[in-house]
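Taking it in order: structure first as structure tokens, then the write-up.
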């Protein structure tokens, strides 16, 4: 069920309709507001649209870096899982071979 959460970003109040938890939406808005203020401090002569684009690019960069890091870690874990699976398969094969020799 969606609800309206009022948040403040850049000194403006925005009603946000969302199914997300209101506290979480507030945290998102606070994060964007912090980024907006930092961009404004870095480029005080920029207009609001320009600042919004800078903030969007900054957040997209953060997201891409985390995504790429996750992908690298996930790939390494998959490779390790395959190695472990091969070790288990080899151990099972050795046990079966040993049973076959003992039964002969």
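In this note's numbering, the protein residues as written are 1444 to 1547.
Quick reminder that beta carbons are idealized off the backbone N, C-alpha and C, glycines included.
Since the structure is predicted, the reported quantities are computational estimates derived from the model, not experimental observations.
Supposed close pair residue i, residue j - CB separation, criterion 8 Å
i: residue 1482; j: residue 1494; result: 5 Å
i: residue 1498; j: residue 1475; result: 7 Å
i: residue 1465; j: residue 1446; result: 7 Å
Environment of residue i [buried if 16+ CB atoms lie within 10 Å]
i: residue 1527; result: exposed
i: residue 1478; result: buried
i: residue 1516; result: exposed
i: residue 1452; result: buried
i: residue 1538; result: exposed
Alpha-carbon spacing of residue i relative to residue j, whole angstroms
i: residue 1542; j: residue 1506; result: 53 Å
Bridge-paired residues (DSSP) for residue i
i: residue 1455; result: 1452
7 Å Cβ cutoff, residue i in contact with chain C
i: residue 1506; result: No chain C appears in the structure shown, which is made up of a single protein chain.
Which complete alpha helix (DSSP H) runs does the region 1456-1480 hold, if anything under 4 residues is left out?
none
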